[in-house]
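Okay, so here's the structure we're looking at.
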Amino acid sequence: MLKKRTVYMAAVLSLFAALPALAAVTPITEYKETYGSSDKYSYISGVNSAAETAPGCKQGEHRTPPAGKECDSYWPNNGDFKCYNNCRCKSTFIYSCTNLVPDGTACDGKYEGCKCPEGYVLLTTKPDGVILPNPLNNKDFKCYKKDEIKCSTGMEYPATQPPEVTDKIATYDVVEVAGKRCVKGVTFSKNCERGDIDLTLPKYKCFEAKKYTLLNKQIITCATECSSGSNCTETTADCIKVGSDKLGDMSCRRITGCDAGLKGSGSGQYICGGSAPSGGFVYSTPSAGGTTCYKVTGCPSGYEKAYIGPYTSTDYSTGNGQTYDVKKYTVNTSVSTDVLICRKAQGCSISGQYDINTCWNGCLAWWF
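Take 1143 as the starting number for the sequence shown in the numbering used here and just add one per residue.
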């Protein structure tokens, strides 16, 4: 028993004798190894990483880029982190926002964007149809006070469509700026006249028309249809002389009087006049818009047509050995005189034979 304890004690003493030699061993966490030319990692990280124990960056440098900036960087010796230097604002930070509201983070007094103050609107270009006030003094952003924006045409478009638009009389070209709707242009119907026109004038009176007041208080008169009254007509008629009144795309007929003179051709010829014939001529009375004319188409009863055409000096009272009673309907025009000549045999012959019952109204019979 004593022998065994002696052996155990000798083993323990031998172990203590070896301890100084163990103290000279280098811990694995402090073992240095070189990786060629790379200095990204100089230590093998263990429980205590090289980032915590290695020297820091130089004065004025950063472990991470400051907010809003971009920097140059490098890996320092004996470290597993980067150092950032030569930092500058990103290229997007270019606005000073003087007199305006900054939009986003700042970098050395510059911002990535600006906003307009309350009651102002940001405009990059000037829209047509508006008058802008002076902007806030900032060269990069132009902010305009909403309440001072005006319509250059004097017409501000209402929230509801006015009758002019519903009736297709006028089409408005509208621009909206900061809630203000301005009319920058008006396209009128072709049948509209600017201003308050006089509908009693000859060139207007055959149009049915309506007056409109535009958004700028201007009055226009627009033709809606042709009138059929007051010496106007929608259709043509024989012997009625009409003129064509035009307003835009519309054309209406205005009666200017009777279309007097010879009309038609061949057996269908007739004469138009402004007065009724006497003596039993056959005629009709075409009329339109309060104007009545006379269309003479035939001879009185018992008479035959001897001639119709331009005035002639031919004597139709005799012919074929007979004498005739002659009736004429003559119409003078600005360019000619036209006539319809009708005749009826009297019964008195110029060749020696007589009808005693009709010659000289029957008086010849007294002698026989």
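Note that the Cβ used here is the ideal one computed from N, Cα and C, for glycine as well.
Neighbourhood of residue i by C-beta distance below 6 Å, restricted to the same chain and skipping five residues each side
i: residue 1247; result: 1210
i: residue 1481; result: 1453, 1470, 1472
i: residue 1193; result: Its pLDDT being 35, under 50, residue 1193 is placed unreliably in this model, and the coordinates cannot settle the point.
i: residue 1239; result: 1253, 1256
i: residue 1186; result: Caution is warranted here: a pLDDT of 32 is assigned to residue 1186, below 50, making its placement in the model unreliable, and no coordinate value can be reported.
i: residue 1387; result: 1345, 1348, 1394, 1396
i: residue 1327; result: 1315
i: residue 1450; result: 1411, 1482
i: residue 1455; result: none
Among the options, nearest to residue i - alpha-carbon criterion
i: residue 1443; options: 1452, 1487, 1450, 1299; result: 1487
i: residue 1225; options: 1231, 1452, 1286, 1213; result: 1213
i: residue 1514; options: 1484, 1262, 1297; result: As displayed, the chain neither begins before 1143 nor continues past 1510, which places residue 1514 out of reach and without an answer.
i: residue 1393; options: 1240, 1368, 1314; result: 1368
i: residue 1441; options: 1433, 1230, 1400, 1483; result: 1483
i: residue 1418; options: 1434, 1387, 1455, 1271; result: 1434
i: residue 1402; options: 1409, 1438, 1432; result: 1438
i: residue 1329; options: 1315, 1371, 1230, 1250; result: 1315
i: residue 1208; options: 1229, 1350, 1198, 1199; result: 1229
i: residue 1325; options: 1295, 1258, 1206; result: 1295
i: residue 1533; options: 1280, 1432, 1265; result: There is no way to answer for residue 1533, as the model of the chain reaches only from 1143 to 1510.
i: residue 1420; options: 1436, 1407, 1406, 1409; result: 1436
Own chain residues within Cβ distance below 8 Å of residue i, not counting five before or after
i: residue 1331; result: 1310, 1311, 1312, 1364, 1390
i: residue 1152; result: Confidence at residue 1152 is low in this model, with a pLDDT of 46, below 50, so its placement is unreliable and the value that follows should be read with caution. Nothing meets the Cβ criterion.
i: residue 1479; result: 1452, 1453, 1472, 1473
i: residue 1485; result: 1445, 1446, 1448, 1458, 1459, 1466, 1467, 1468, 1469
i: residue 1234; result: 1254
i: residue 1319; result: 1263, 1265, 1269, 1272, 1291
i: residue 1350; result: 1365, 1366, 1367, 1368, 1369
i: residue 1275; result: 1286, 1287, 1290, 1291
i: residue 1279; result: 1240, 1241
i: residue 1321; result: 1288
Whole-angstrom C-beta distance between residue j and residue i, which should lie under 8 Å
i: residue 1415; j: residue 1473; result: 4 Å
i: residue 1354; j: residue 1323; result: About 19 Å separates the two Cβ atoms, so there is no contact after all.
i: residue 1269; j: residue 1317; result: 5 Å
i: residue 1430; j: residue 1375; result: 4 Å
i: residue 1292; j: residue 1272; result: 7 Å
i: residue 1218; j: residue 1199; result: 6 Å
i: residue 1260; j: residue 1227; result: Incorrect: roughly 42 Å between the Cβ atoms, too far for contact.
Sequence-distant residues of the same chain with beta carbon closer than 7 Å to residue i, five excluded per side
i: residue 1236; result: 1252
i: residue 1385; result: 1396, 1398
i: residue 1160; result: Interpretation of residue 1160 is limited by its pLDDT of 44, a score under 50 that renders its predicted location unreliable; the figure taken from the coordinates is listed afterwards. Closer than 7 Å at the Cβ level, and outside the excluded window around residue 1160, lies no residue.
i: residue 1333; result: 1364, 1365, 1389, 1390, 1391, 1392
i: residue 1371; result: 1431
i: residue 1477; result: none
>> To test your reading of the DSSP string, which unbroken beta strand (DSSP E) runs of 3 or more residues are found completely within the stretch 1265 to 1320?
In response: Taking only runs of at least 3 residues, the beta strand (DSSP E) segments lying wholly in the stretch 1265 to 1320 are 1285 to 1287, 1312 to 1319.
> What are the start and end residues of each continuous alpha helix (DSSP H) run of 4 or more residues lying completely inside the stretch 1226 to 1260, in chain order?
Replying inline: As far as the stretch 1226 to 1260 is concerned, it has no whole alpha helix (DSSP H) run of at least 4 residues.
> Three or more C-beta pairs closer than 8 Å, one from the stretch 1333 to 1350 and one from the stretch 1360 to 1372: is that the case here?
Replying inline: Counting Cβ pairs under 8 Å, three or more are found: they touch.
> Of all the beta strand (DSSP E) runs that stay within the bounds of the stretch 1404 to 1449, which reach a length of 3 or more residues?
Replying inline: The stretch 1404 to 1449 contains these whole beta strand (DSSP E) runs: 1412 to 1415, 1424 to 1426, 1436 to 1440.
> Is the stretch 1376 to 1384 touching the stretch 1413 to 1433 in the sense that three or more CB pairs, one from each, lie closer than 8 Å?
Replying inline: Contact between the stretch 1413 to 1433 and the stretch 1376 to 1384 is present: 3 or more CB-CB pairs across the two stretches fall below 8 Å.
> Can you list, in chain order, the stretches of the beta strand (DSSP E) that have 3 or more residues and sit fully within the stretch 1342 to 1407?
Replying inline: The stretch 1342 to 1407 contains these whole beta strand (DSSP E) runs: 1349 to 1355, 1361 to 1368, 1382 to 1389, 1392 to 1400, 1403 to 1405.
> Given 8 Å as the limit, is there contact between the stretch 1274 to 1285 and the stretch 1343 to 1353, that is, 3 or more CB pairs closer than that?
Replying inline: Output reads no: the stretch 1343 to 1353 does not touch the stretch 1274 to 1285.
>> Would the stretch 1253 to 1262 count as touching the stretch 1237 to 1245 if we require 3 or more Cβ pairs under 8 Å?
In response: Yes: at least three Cβ pairs fall under 8 Å.
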